[in-house]
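Chemist:
Numbering (full-length UniProt numbering), first residue to last: 1 to 223.
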């Protein structure tokens with residue numbers, strides 16, 4: 001592991017723990033996680049494997065999707081939308097199959113969306129306790145990913161619904177398997193669903209930080 005990678009690992013761990021702490025506080029206050037999450041997401045954006053344009057579009061898709069979904073479900077559904085590289089993941093509960101299809105149709109109609117992964121369940125709304133537990137599980141999974149060797153925790157997006165963990169991200173097959181195994185080992189996780197966009201090991205090298213001595217050598221050669 002390069003020196004820059006080691007430094008980033010040291011930074012990520014406190015951030016991931018902040019997510020977990022924020023999640024726990026959210027179960028009491030309901031608002032702390034939003035503040036903490038916004039600060040953390042801004043800090044980690046620079047190391048994201050998506051382009052900056054894709055990150056911006058994903059945020060727009062989530063905002064637009066939340067509005068459209070609420071117009072369809074009202075109080076009869078609880079739907080979360082998480083977009084990664086313009087692929088929208090839908091999780092939560094809806095009243096019936098007709099509502100499930102209507103939500104997907106609305107999200108597919110959003111500009112920029114290239115695919116929709118519809119994991120909605122036709123079921124009663126999850127309880128507050130269940131949602132709080134899911135938030136804490138997400139924080140634990142993120143912290144566990146940070147502790148793992150040979151992977152970049154910021155390459156994974158973690159969503160939890162009723163104890164089911166959904167993993168998104170641009171990862172290799174190897175990274176995807178490592179991330180899934182880590183998530184399965186977290187207490188409270190009932191199941192892990194991989195919703196990855198896979199890249200090759202060669203593509204992965206493009207995202208790895210260049211050693212400082214290599215950069216200096218290149219600079220000297222240019223002179």
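Glycine included, every Cβ here is placed at the ideal spot set by N, Cα and C.
1. In terms of DSSP beta bridges, what is residue 81 paired with?
2. In the DSSP assignment, what are the bridge partners of residue 117?
3. Following the continuous alpha helix (DSSP H) through residue 139, name the residue where it begins and the one where it ends.
4. Assuming residue 167 and residue 122 form a contact by the criterion Cβ under 8 angstroms, report the distance between their Cβ atoms to the nearest whole angstrom.
5. Which whole-angstrom value describes the C-beta separation of residue 103 and residue 72, a residue pair presumed to lie in contact below a C-beta threshold of 8 angstroms?
6. Counting along the chain, where does the beta strand (DSSP E) carrying residue 170 start and finish?
7. Cutting at 7 angstroms between CB atoms, please list the residues of its own chain near residue 65, excluding the five before and the five after it.
8. Which residues in the same chain as residue 193 place their Cβ atom closer than 8 angstroms to its Cβ, once the five residues preceding and following it in sequence are excluded?
9. What span of residues does the beta strand (DSSP E) with residue 55 cover, start to end?
10. Report the rounded CA-to-CA distance for residue 189 versus residue 112, giving the unit in angstroms.
11. Considering Cα atoms alone, identify which of 141, 204 and 208 is closest to residue 180.
12. Using only the alpha-carbon positions, how far apart do residue 155 and residue 139 sit?
13. Kindly indicate which residue of 197, 144 and 205 has the alpha-carbon position closest to the one of residue 117.
Modeler: According to the data block:
1. Bridge partners of residue 81: 90.
2. Paired residue(s): 89.
3. Segment 128-147, the alpha helix (DSSP H) holding residue 139.
4. Contact between residue 167 and residue 122 is ruled out by a C-beta separation of about 23 angstroms, above the 8 angstroms threshold.
5. The Cβ separation is near 5 angstroms, so the contact holds.
6. Element bounds for residue 170: 164-171.
7. The answer, listed in chain order, is 81, 88, 107 and 110.
8. If we look at residue 193 and ignore the five residues flanking it on each side, its Cβ neighbours are 119, 164, 165, 166 and 167.
9. In the DSSP assignment, residue 55 falls outside any beta strand (DSSP E) and within the unbroken alpha helix (DSSP H) covering 52-73.
10. Residue 189 and residue 112: Cα-Cα distance of roughly 32 angstroms.
11. Selection 141, 204 and 208 evaluated against residue 180 yields 141 as nearest (Cα-Cα).
12. A direct Cα-Cα distance of roughly 15 angstroms separates residue 155 from residue 139.
13. Of the candidates 197, 144 and 205, 197 places its Cα closest to the Cα of residue 117.
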